[in-house]
Amino acid sequence: MSKPLSDRPHATPASDRSPLQTGLSYGVLALVSFIIVAFSISSAYRMKEGAPHMAVLSEKMDDYLLHRDEIDMVFLGSSQTFRHIDAPRINRLLDEAGIDLTVYNFGVPALTEPEMRYIADFIIENKSPRLKYVVLQNPLRAEGEFSNMMSQRGRFFRAPARAAETWTDVNCYTGTLMGKIKRYRNNAQAMTAEALGLGRLAQLAFPSDDESALKYASGYRDNDGFWPVDEDSNGHVVMRGKNTPMTRKSMDNFLAGKSDYIPDDKASTCRANELLETIGKIRKSGLKPLYFVSPSPKETGHDKAITEAISRADPTLPILDMSSPGRYPELFQPSLWFDHSHMKGNGAKALADLISPALIAHLQTSNIADARIANNDPVVPETP
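See below:
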């Protein structure tokens, strides 16, 4: 039997609410309204504003558009690509070997995977018929510093349109647990601030010098994208070389694994799958992807774990692995290194002399396979 109407629960009339209840109701309503309006305005502004100027990244996009009809192969990666891939020398060595192929260095300092994906999309959308290859390097792990996230570049990749890719990058972080927690916290705060427009207000009130920290010298923009780190006079670059010089002792410690963090299989696989999504988009566009592993004494074990995970997931992906001290001991001489992470110009030259034969061998094999495919012949491995 149903309860009498008088016994049924009912909402408290507004007139019977306490001032505190009424105030809380209006406060919640005002907060929700603010969030909706702020999010709408911020999203509309970001769509209208588009990508901000991002040091080196923006210049390289401009240069790529200017020279895309001359480019056959792009090396895409972080500052190790920027400082290590001596494209002019590689081009000369390829030419001497009778291979008509032009390499462009699309390395960008502090590049993360979502940023690399953004550039890969740009390359695909603006590729010329001449472009055939994109060589990717494993970029930096997810950003952890909140101040960098609130720079114009950081905010762009944490806006709602790209937040999902950045969050995936955090999920696939291959560092320590505490480092991952820090990245979850700081990225969540930065994404919220950007979604509500607070990121832009913070940038206006407290401008970050992230974009102006590295001035891309115009003389090196005609150097096929390569800029030797020891020829860079930017203050923070010079200071880094002084603060973290590569000595015999530091090199030995790095090669002994004293500063290396090797991710477990789960983290390595997550990172590999993240990279393979970008590689898959490149392959689907008709371009041929390759994977480049740069010498990096501090992270030899880490890089090996990621490379092995990628090889397991995609055994057909060509890999230019120059990271083994045992195989390439000449690349791990302290005199070739500017700091703990970057080779000097003479180091990049030594790397070019070693990577060029590997490139030539791959290109010759690839051309044979392409010819067989064109003739409907079976593609089989060459007899040694």
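In terms of the numbering used here, the sequence shown opens at residue 293 and continues consecutively. Every residue gets a Cβ at the ideal spot worked out from N, C-alpha and C, and that includes glycine. Note that the structure is a prediction, hence the values are computed from the model and not measured.
Report the three-state DSSP secondary structure of residue i (helix, strand or coil).
{"i": "K636", "result": "coil"}
{"i": "D556", "result": "coil"}
{"i": "V462", "result": "helix"}
{"i": "T404", "result": "strand"}
{"i": "M442", "result": "coil"}
{"i": "V395", "result": "strand"}
{"i": "I611", "result": "strand"}
{"i": "F326", "result": "Residue placement at F326 is flagged as unreliable, the pLDDT there being 47, under the threshold of 50; the coordinate-derived value follows with that caveat. In this structure, F326 counts as helix in the three-state DSSP scheme."}
{"i": "M531", "result": "helix"}
{"i": "K352", "result": "helix"}
{"i": "S656", "result": "Just to set this straight, residue 656 is Gln in the shown sequence, not Ser. Looking at Q656 - three-state DSSP - the assignment turns out to be helix."}
Measuring alpha carbon to alpha carbon, tell me which of the options ends up nearest residue i.
{"i": "A564", "options": "E405, M346, F438, M470", "result": "E405"}
{"i": "F546", "options": "V530, G572, R433, S588", "result": "S588"}
{"i": "E437", "options": "V366, V462, L358, S577", "result": "V462"}
{"i": "T570", "options": "L358, M365, V427, K558", "result": "V427"}
{"i": "Y356", "options": "E417, D606, A487", "result": "E417"}
{"i": "I377", "options": "T657, E486, A650, A644", "result": "A644"}
{"i": "A482", "options": "K474, R447, H634", "result": "R447"}
{"i": "R381", "options": "S603, S371, L393", "result": "L393"}
{"i": "H654", "options": "Y425, L432, W629", "result": "Y425"}
{"i": "V529", "options": "V395, P401, A605, G489", "result": "P401"}
{"i": "R422", "options": "Q429, D361, I602", "result": "D361"}
{"i": "M442", "options": "Q656, D413, A480", "result": "A480"}
{"i": "S627", "options": "S603, M538, A597", "result": "M538"}
{"i": "D557", "options": "K590, I598, K534", "result": "I598"}
{"i": "W519", "options": "L385, A379, T592, C464", "result": "A379"}
{"i": "T484", "options": "R450, V366, K507", "result": "R450"}
Are there 16 or more other CB atoms within 10 angstroms of the CB of residue i, so buried, or fewer, so exposed?
{"i": "T468", "result": "exposed"}
{"i": "K352", "result": "buried"}
{"i": "T373", "result": "buried"}
{"i": "G527", "result": "exposed"}
{"i": "L358", "result": "exposed"}
{"i": "N478", "result": "buried"}
{"i": "G639", "result": "buried"}
{"i": "K636", "result": "buried"}
{"i": "E622", "result": "exposed"}
{"i": "I574", "result": "buried"}
{"i": "D552", "result": "buried"}
{"i": "F326", "result": "Because F326 sits at a pLDDT of 47, beneath the cut-off of 50, its placement in the model cannot be relied upon, and the point is left open."}
{"i": "H634", "result": "buried"}
{"i": "N535", "result": "exposed"}
{"i": "E262", "result": "Residue coverage of the chain in this structure runs from 293 to 676, which leaves residue 262 outside it and unanswerable."}
Cβ of residue i within 7 Å of any heavy atom in the ligand MN?
{"i": "S542", "result": "Although the ligand MN was asked about, the structure shown includes no ligands whatsoever."}
Would you mind stating whether residue i and residue j have Cβ atoms separated by less than 8 Å?
{"i": "D631", "j": "S615", "result": "no"}
{"i": "I386", "j": "I652", "result": "Inspection of the sequence shows that residue 386 is occupied by Leu rather than by Ile. Yes, the pair counts as a contact, with Cβ atoms nearer than the cut-off."}
Using C-beta distances below 8 Å, list every residue in its chain close to residue i, excluding the 5 sequence neighbours before and after it, in chain order.
{"i": "P431", "result": "G369, S370, L403, T404, E405, E407, M408"}
{"i": "Y476", "result": "V462"}
{"i": "L582", "result": "Y425, V426, V427, L428, L609, P610, I611, L612, H654"}
Leaving out the 5 sequence neighbours to the left and right, which residues in its chain are closer than 6 Å to residue i when beta-carbon positions are compared?
{"i": "D522", "result": "F630, K636, G637"}
{"i": "A330", "result": "Low local confidence applies: a pLDDT of 48 at A330 is under 50, so the model's placement there is unreliable, with the coordinate-based value given in what follows. If we look at A330 and ignore the five residues flanking it on each side, its Cβ neighbours are L488, G489."}
{"i": "G399", "result": "G369, T373, F374"}
Excluding the 5 residues preceding and the 5 following residue i in the sequence, name in chain order all residues of the same chain whose CB lies nearer than 7 Å to its CB.
{"i": "G471", "result": "G436, Y465"}
{"i": "L506", "result": "A347, V348, P401, N526"}
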